[in-house]
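With mature numbering (1 follows the signal peptide of the UniProt record, and there is no 0) applied, the sequence shown covers -24 to -1, 1 to 316.
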Amino acid sequence: MGLINKIFILIVIVLSFSSLSGIAADDMDDNPLSENDIRSSVVGLFYDLDRNPYNPVVGYGSVMRYILPDPLLFIRYIYPPEGHVDIYIAPLMRRAVNYWNNVLGVHFTIAEGHVGGPSNFVVQTMLPTMLDTSHSDYYLGDLEAFTIFPYSRQYEEDRFDYGITSSGIYMAPEIEVSSLLFTTWIETMGLDHSFREYAELHTYTILLHEIGHALGLVHPEDLIRGRRNTVTDTSPGHSRRHQYVEYSVTNQHHVPIMLISSVAFLLSLHNQIGEDLNFNNIVVSSEERRLVENQVSMICLPRQIQNNAKISSSKKNDECNYHGVYPVAKMIVPIMSILN
């Protein structure tokens, strides 16, 4: 067995897996997609506990039923020249859920529950453990949001690391708006908006992205870094990585909602459609929609089911062909510290 294979096996045995949105600031690329940008060439999913491409039906059942423990949950956006605005999450979450339900069709539903009733997903502010600056490796306060989905190694890890009791979207309590972000809002959404209107559209974009994570979608940048085995940060909280399922994309006009940088997404989408962005044209790419739809409709069956049913590879849907991406080098850093 080669050295790399030995290292990989050791990594799988020793390390747990990373947070969905746990990306260091240095990983961000705020530039819009260029014509042949590799970020527009891939789309992918996480693996579940059974090492299958993540399927929401397996994770949640037929319904992802979310609740807001605080119905008045809001994010405070702070931009010194404009002051601050509080953006309430509930109405924007309903709008984002409605969008995704149109993608999911009859096979899977996201529905709003009621506090005290049955639920398997929460939308709330980050827990104190996520905002604890005394544990920098696990600090999440520099993220806009953080998503955890069930039936994943990440869920089991975060139950230990943060004390979570439910899958969900954990929102930052505050977002400090940079000059770059505010300028991007003006450039991509137009001049005739208030600070509040810009922040509402931005929050809607965040929720579309985070629901994508909840359904299993990954950042294209993670797929790219995994394939290239590039170490871009060294903190254990950010270096532990999932393995990903990668699908190639041939459409070079693909603008993934799952881009790490919201600035890059807004600029890229604006460049693509050539008009000011609004609630009706901030959308998930067709490739991402198709991938999730294929999963919930069971077009792409888990490997175990394929094997049990003796389904030949020639009969599989072409869109279900994928290969694993193993970001080995990203995981070597904490391994080395453990071994030493």
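All residues carry an ideal CB built from backbone N, CA and C; glycine is no exception. The structure displayed is predicted, hence computed values, not measured ones.
{"Item": "Inter-residue Cα distance where the pair is Val260 and Gly92", "Value": "32 angstroms"}
{"Item": "Bridge partners - Ile63, DSSP secondary structure assignment", "Value": "Ile51"}
{"Item": "Spatially closest choice to Tyr138 from Val73, Ala121, Pro104 and Phe22, by CA coordinates", "Value": "Pro104"}
{"Item": "CA-to-CA distance, His189 to Leu157, given in whole angstroms", "Value": "22 angstroms"}
{"Item": "Helix, strand or coil at Ile249 [DSSP, three-state]", "Value": "helix"}
{"Item": "8 angstroms contact criterion, which Tyr115 and Ile124 should meet: CB distance rounded", "Value": "About 16 angstroms separates the two Cβ atoms, so there is no contact after all."}
{"Item": "Neighbourhood of Val73 by C-beta, 6 angstroms cutoff - its chain only, sequence neighbours within 5 removed", "Value": "Ile86"}
{"Item": "Separation of Met102 from Glu173, as counted between CA atoms", "Value": "24 angstroms"}
{"Item": "Rounded straight-line distance, which links the Cα of Glu163 to that of Val82", "Value": "37 angstroms"}
{"Item": "Nearest candidate by alpha-carbon position, reference Ser262, set Met274, Asn256, His230 and Asn247", "Value": "His230"}
{"Item": "Inter-residue CB distance, Asn31 and Val272 (contact presumed, cutoff 8 angstroms)", "Value": "7 angstroms"}
{"Item": "Where Ser211 sits in the DSSP three-state scheme", "Value": "Residue placement at Ser211 is poorly supported in this model, since its pLDDT is 32, which falls under 50; the coordinates are not used for a value here."}
{"Item": "Residues that Leu199 bridges to, as DSSP identifies them", "Value": "According to DSSP, which records beta bridges pairwise, Leu199 is partnered with nothing at all."}
{"Item": "Test item: CB-CB of Ile233 and His178 under 8 angstroms", "Value": "no"}
{"Item": "Collapsed DSSP secondary structure at Tyr30 in the structure displayed", "Value": "coil"}
{"Item": "Segment contact flag, the stretch 137 to 154 with the stretch 53 to 68, C-beta cutoff 8 angstroms, min 3 pairs", "Value": "yes"}
{"Item": "Exposed unless 16 or more other CB atoms sit within 10 angstroms - verdict on Gly35", "Value": "buried"}
{"Item": "Every unbroken beta strand (DSSP E) inside the stretch 118 to 147 [3 residues or more]", "Value": "121 to 124 and 144 to 147"}
{"Item": "Backbone CA spacing between Cys296 and Val99 [nearest angstrom]", "Value": "31 angstroms"}
{"Item": "Option in Leu191, Ser244 and Asn256 with minimal Cα separation from Met40", "Value": "Leu191"}
{"Item": "Close Cβ partners of Val33 (< 8 angstroms) along its chain, the five nearest in sequence each way excluded", "Value": "His83, Phe84, Gln271, Val272 and Met274"}
{"Item": "Length of the line joining the Cα atoms of Leu253 and Ser142", "Value": "33 angstroms"}
{"Item": "Sub-8 angstroms separation of Val268 and Leu167 beta-carbons", "Value": "no"}
{"Item": "Secondary structure of Glu269, DSSP reduced to three states", "Value": "helix"}
{"Item": "Where Thr206 falls: helix, strand or coil (DSSP)", "Value": "In this predicted model, Thr206 has a pLDDT of only 36, less than 50, meaning its place in the structure is not dependable; the value taken from the coordinates is given anyway. In this structure, Thr206 counts as coil in the three-state DSSP scheme."}
{"Item": "Cβ neighbours of Ile258 in the same chain (closer than 6 angstroms, five flanking residues each side left out)", "Value": "Thr181"}
{"Item": "Nearest-angstrom Cα separation, counted from Pro94 out to Ser10", "Value": "45 angstroms"}
{"Item": "Per-residue DSSP class, three states only, for Glu150", "Value": "strand"}
{"Item": "DSSP three-state assignment for Val260, whether helix, strand or coil", "Value": "coil"}
{"Item": "Simplified DSSP state of Ile236, which is helix, strand or coil", "Value": "coil"}
{"Item": "Chain-order list of residues whose beta-carbon lies under 6 angstroms from that of Ile287 (same chain, five-residue window excluded)", "Value": "With a pLDDT of 42 at Ile287, under the threshold of 50, the predicted position of this residue should be treated as unreliable, though the coordinate-derived value follows. Contacts found: none."}
{"Item": "Member of Asn256, Leu80 and Arg27 whose CA lies at the smallest distance from the CA of Ile187", "Value": "Leu80"}
{"Item": "Unbroken beta strand (DSSP E) run spanning Phe22, endpoints", "Value": "Val18 to Phe22"}
{"Item": "Cβ neighbour criterion (16 or more within 10 Å) applied to Arg27", "Value": "exposed"}
{"Item": "The beta strand (DSSP E) enclosing Thr159, as first and last residue numbers", "Value": "From DSSP, Thr159 is part of no beta strand (DSSP E) but of the alpha helix (DSSP H) over Ser155 to Met165."}
{"Item": "Which listed residue (Gln248, Cys276, Arg266 and Arg265) has its alpha carbon closest to that of Pro8", "Value": "Gln248"}
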